[in-house]
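Peer 1:
Residue numbers (my numbering), protein chains in the order written: chain A, 6 to 393; chain B, 2 to 94.
Pasting the structure below:
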């Protein structure tokens with residue numbers, strides 16, 4: 006018995022702007038450019054779009070986008086909370102909406118000026134009690150103690166993970182070296198043609214010791230990404246559709262996004278575990294079916310924690326899985342082939358989804374030969390995409 | 002609201018101020034002028050079963066470890082307020 010959403014919808018277009026440190030134009034313009042590119046890629050006109058899905062923390066107004074791109078009538082719109090951990094939730098929303106028939110063509114988008122605009126990683130200290138619907142209300146208890154940045158919030162979880170699993174910063178570094186190797190062959194990546202060695206990783210300065218060095222952090226980036234979703238039936242005559250074969254979310258009691266400090270066991274990502282069980286539980290797809298995985302890597306420690314949370318490794322074994330070469334181009338589970346958020350740039354995780362699509366189209370800069378099934382996991386939200 | 006019984010009633014209780022380090026992190030960058038670096042951030046599991054985020058004081062960063070027993074102290078903050086911080090329990094003031 007398969008899930009109602011299984012293979013019921015498809016991605017028919019992807020688009021993006023350049024990724025940079027200073028876009029020099031508004032988020033609305035960036036989103037508009039990415040959406041037009043995605044619609045061109047899909048072979049669809051703006052007036053065919055009748056749904057919009059983004060994030061609670063995205064700054065672009067739907068009304069402005071409609072006016073800017075020339076959409077005519079929107080029948081469904083929604084925004085996903087939970088910050089980056091919700092980044093694949095937009096595809097769950099879009100898949101559910103087109104499967105329910107409330108919209109035919111949905112554009113999913115994210116536009117951000119995370120470097121030239123408001124930087125997540127700047128230790129400015131907030132006057133806001135929360136981070137504007139990013140799923141981190143306990144953040145207010147961090148600020149009085151100088152715990153001001155995502156790296157500092159997450160390092161507390163990462164150090165507990167290191168304590169329980171035996172993983173070291175060098176183990177995190179092995180993943181980073183692989184991501185940077187992929188990024189080095191991706192012209193869109195911030196670190197294009199800039200691979201690093203493990204020694205260079207270990208020589209980068211501490212951000213939050215003993216878990217996170219500079220090279221363990223994703224790249225604050227300006228840019229936009231858009232994805233066009235429609236029904237599988239309508240997608241069947243499009244040029245290069247990719248099926249949304251599974252989509253899931255799992256927001257767990259007392260689990261926050263960045264300032265997640267109050268779950269009983271912080272060495273595991275409970276949302277990732279629960280989401281993975283749903284993703285591999287009801288859609289008839291097993292972990293062995295996954296040819297390539299894109300896993301949210303705002304910081305390198307959470308990549309290992311999600312490898313385990315998603316069930317690709319037992320607890321504490323991600324470090325050995327990585328050291329054995331499994332996430333590399335010839336491994337059993339090539340991961341973050343665009344370079345990840347650490348190597349390509351941080352467009353909130355939606356640039357992981359587009360890389361999954363490129364892999365299934367055979368268009369990746371680091372193509373996994375014959376890839377037919379791709380997983381994108383971002384903490385508590387995730388999708389599995391397949392070539393038809 | 003209490004997520005277990007859905008009551009809105011609560012009372013303020015004194016805590017012992019005794020706990021142990023559940024996790025920690027030594028923060029180096031980026032830096033905010035309001036703090037002295039490195040900042041030692043820590044999650045403290047209090048004896049009463051509550052976890053709080055705080056700073057560790059009177060200890061060298063390299064001597065901090067998970068499971069370290071700590072006790073509360075107070076440091077001045079803005080507007081004549083005080084914030085609770087923690088120091089190793091073995092040290093006598």
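All residues carry an ideal CB built from backbone N, CA and C; glycine is no exception.
Which residues in the same chain have their Cβ closer than 7 Å to the Cβ of residue 254 (chain A), if we skip the five residues on either side of it in sequence?
Peer 2: Excluding residues within five positions, the ones whose Cβ falls inside 7 Å are 94, 97, 280, 385 and 386.
Peer 1: Among the candidates A:234, A:167, A:67 and A:151, whose CA atom is the shortest distance from the CA of residue 23 (chain B)?
Peer 2: A:167
Peer 1: Quick one: Cα of residue 7 (chain B) to Cα of residue 260 (chain A), how far?
Peer 2: Distance from the CA of residue 7 (chain B) to the CA of residue 260 (chain A), rounded to the nearest whole angstrom, comes to 19 Å.
Peer 1: Check the Cβ-Cβ distances between residue 216 (chain A) and every residue of chain B, and say whether any is below 8 Å.
Peer 2: yes
Peer 1: Note down, in chain order, each residue of its chain lying with its Cβ closer than 6 Å to the Cβ of residue 278 (chain A), except the 5 sequence neighbours on either side.
Peer 2: 314
Peer 1: Show which residues of chain A have a CB atom less than 8 Å away from the CB atom of residue 67 (chain B).
Peer 2: 164, 165 and 168
Peer 1: Any idea if residue 38 (chain B) is buried or exposed, counting beta-carbon neighbours within 10 angstroms, 16 or more meaning buried?
Peer 2: exposed
Peer 1: Please decide whether residue 292 (chain A) counts as near chain B, where near means a Cβ-Cβ distance under 8 Å.
Peer 2: no
Peer 1: Look at the alpha carbon of residue 207 (chain A) and the alpha carbon of residue 180 (chain A), and state the distance between them as a whole number of angstroms.
Peer 2: Their Cα atoms are separated by approximately 12 Å.
Peer 1: Check whether the Cβ atoms of residue 236 (chain A) and residue 109 (chain A) lie closer than 8 Å to each other.
Peer 2: yes
Peer 1: List the residues of chain A that residue 77 (chain B) touches, going by C-beta distances under 7 Å, in chain order.
Peer 2: Residues of chain A passing the Cβ test: none, with the nearest at roughly 12 Å.
Peer 1: Give the secondary structure of residue 81 (chain A) by DSSP, where H, G and I count as helix, E and B as strand, and everything else as coil.
Peer 2: strand
Peer 1: Pick out whichever of A:248, A:346 and A:27 has its Cα sitting closest to the Cα of residue 100 (chain A).
Peer 2: A:248
Peer 1: Count the other CB atoms within 10 Å of the CB of residue 214 (chain A); is the residue buried (16 or more) or exposed (fewer)?
Peer 2: buried
Peer 1: Put residue 306 (chain A) into one of helix, strand or coil per three-state DSSP.
Peer 2: Under the three-state reduction of DSSP, residue 306 (chain A) is assigned to helix.
Peer 1: Can the beta-carbon of residue 156 (chain A) be found closer than 8 Å to that of residue 126 (chain A)?
Peer 2: It is a contact, given that the beta carbons lie within the stated cut-off.
Peer 1: In or out: residue 148 (chain A) buried (at least 16 other Cβ within 10 Å) or exposed?
Peer 2: With a threshold of 16 other beta carbon atoms within 10 Å, residue 148 (chain A) meets it and is buried.
Peer 1: Name the two residues that bound the continuous alpha helix (DSSP H) containing residue 237 (chain A).
Peer 2: 237-240
Peer 1: For residue 327 (chain A), report the span of its alpha helix (DSSP H) as first-last.
Peer 2: Looking at the DSSP string, the run of the alpha helix (DSSP H) that includes residue 327 (chain A) is 323-328.
Peer 1: Just the Cα atoms here: how many angstroms apart are residue 135 (chain A) and residue 12 (chain B)?
Peer 2: Reliability of the predicted coordinates at residue 135 (chain A) is poor, the pLDDT of 48 falling under 50, and the value obtained from them is presented with this limitation in mind. The straight-line gap from Cα to Cα measures roughly 25 Å.
Peer 1: Here's a check: name, in chain order, each residue in its chain whose Cβ is nearer than 7 Å to the Cβ of residue 72 (chain B), leaving out the five neighbours to either side.
Peer 2: 18, 19, 87, 88 and 90
Peer 1: Which of the three DSSP states is assigned to residue 348 (chain A) in this structure?
Peer 2: If DSSP states are grouped into helix, strand and coil, residue 348 (chain A) belongs with the helices.
Peer 1: Buried or exposed: where does residue 44 (chain A) fall if 16 or more other Cβ atoms within 10 Å of its Cβ makes it buried?
Peer 2: buried
Peer 1: If residue 188 (chain A) sits next to residue 349 (chain A), beta carbons under 8 Å apart, how far is it from one beta carbon to the other, in whole angstroms?
Peer 2: 6 Å
Peer 1: CA-CA distance, residue 41 (chain A) and residue 115 (chain A)?
Peer 2: 13 Å
Peer 1: Relative to the C-alpha of residue 71 (chain A), which residue among A:48, A:319, A:86 and A:37 is closest?
Peer 2: A:37
Peer 1: So within the region 178-228 of chain A, which uninterrupted beta strand (DSSP E) runs reach at least 3 residues, ignoring any that extend past its ends?
Peer 2: 211-214
Peer 1: Would you mind telling me which residues of chain B sit closer than 8 Å to residue 149 (chain A), beta carbon to beta carbon, in chain order?
Peer 2: 78 and 84
Peer 1: Output needed in chain order: residues of the region 213-240 of chain A with a Cβ under 7 Å from some Cβ in chain B.
Peer 2: 213, 214 and 216
Peer 1: What separation, rounded to the nearest whole angstrom, lies between the Cα atoms of residue 85 (chain A) and residue 34 (chain A)?
Peer 2: C-alpha separation (whole angstroms): 21 Å.
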